[in-house]
Amino acid sequence: MGTRQSSDKVPSPFPGMDPFLEGEMWTEFQHTLTHHVSQQLIPLIRPKYVALLAKRHCAETAVSADVEPPNQTQRSLMDHTPILTVEVRDVAERRLVTLIEILSPVNKRGQGFRDYSERRLELMQTATHILEIDLLTQGQRIQLIGQLPTASYYVFLSRVQRRPRTQVWAIPMQNPLPRVPVPLLPPDADVVLDLQAALDSCFDLVGYEYLLDYQAEPPIGLTEEERVWAVQQVQQAGFRQR
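Residue numbers (our numbering): 316 to 557.
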């Protein structure tokens, strides 16, 4: 855990995404960040639009072993992970204009990845813009035509009128999170979502810097260069002994 006193006002030790969130705190963080994204958008889009929180549950299979003698069996357990999204809807007709999804580990592995890909493909056949925010170093990336630029994190924007093309923001771990457009219905202009401001608001509200175990090794999805840099960041911020 962090070594500073709780009375200190300390932001995240990272200029952008904190890779140590990629662990047991993820579900709580995903919900908090989704909430702050919604809060940031509401004053920018009303009164014509609303930014609503929507919850769904993703099923993930886990294997549990029964080891009581004399027999050892395995049974499949379904772990239903709650996931929040932001739905930008027009007030007049309640149409889903833009879906904003902060990807979770369940979206990026195994059957969860396949289910998410199918759901995404179905949405691509509709008149809904899709903004996907991938702040996880582990798991499968969204499948696109062509090679993704190398980066730690990504934002993907699929605009209705530009499909099958997808806009991509490739985000190095060492950089702040970007400001990205959120499309609305024509002729309304995009509004801007400041992802770094939303992330900072999460740290201000919850204080993740006091909850995360910065003595532990960074996530396995980091490259060696990223791992060394991440350890240096938390050491310099006083959250990890040298």
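Cβ atoms here follow ideal geometry from the backbone N, Cα and C, with glycine treated the same way.
Under the DSSP assignment, T349 falls in the alpha helix (DSSP H) whose first and last residues are W341 to I360. In terms of CA proximity to K423, G454 leads the group P358, G454 and Y469. Here DSSP, grouped into helix, strand and coil, assigns D405 to strand. Annotated three-state conformation of L436 is helix, per DSSP. Take D509, set aside five residues on each side of it, and the residues of its chain with a beta-carbon closer than 6 Å to its own are R494, in chain order. Counting of Cβ neighbours within 10 angstroms places L436 among the exposed residues, the total staying below 16. Around the C-beta of E524, 16 or more other C-beta atoms lie within 10 Å, and the residue is accordingly described as buried. DSSP, reduced to helix, strand and coil, places Y431 within a helical segment of the structure shown. Counted as a single uninterrupted DSSP element, the alpha helix (DSSP H) harbouring V543 occupies residues E539 to Q551. The beta carbons of T349 and I460 sit about 28 Å from each other, so the pair does not count as a contact at 8 Å. Taking one beta carbon from each stretch, the region 396-404 and the region 333-348 have 3 or more pairs nearer than 8 Å; the two touch.
Annotation for V521: the continuous alpha helix (DSSP H) segment containing it runs L510 to V521. Bridge partners of D449 according to DSSP: Y469. Pairing R434 with V543, the inter-Cα distance amounts to about 37 Å. One Cα belongs to F518, the other to H351, and the distance between them is close to 11 Å.
Selection Q489, D515 and A442 evaluated against L414 yields A442 as nearest (Cα-Cα). Where P496 is concerned, the enclosing beta strand (DSSP E) starts and stops at R494 to V497. DSSP places Y529 outside both helix and strand once states are collapsed to three, so it counts as coil. Distance from the CA of P496 to the CA of L472, rounded to the nearest whole angstrom, comes to 8 Å. Boundaries of the beta strand (DSSP E) around I486: Q482 to I486. For Y364 and S327, the gap between their C-alpha atoms comes out near 32 Å. For I535, there is no enclosing beta strand (DSSP E), as DSSP marks it with neither H nor E. Taking 8 Å as the upper bound for CB-CB distance, Q462 and P491 are not in contact here, some 25 Å apart.
As DSSP reads the structure, I415 sits in a beta bridge with V401 and L446.
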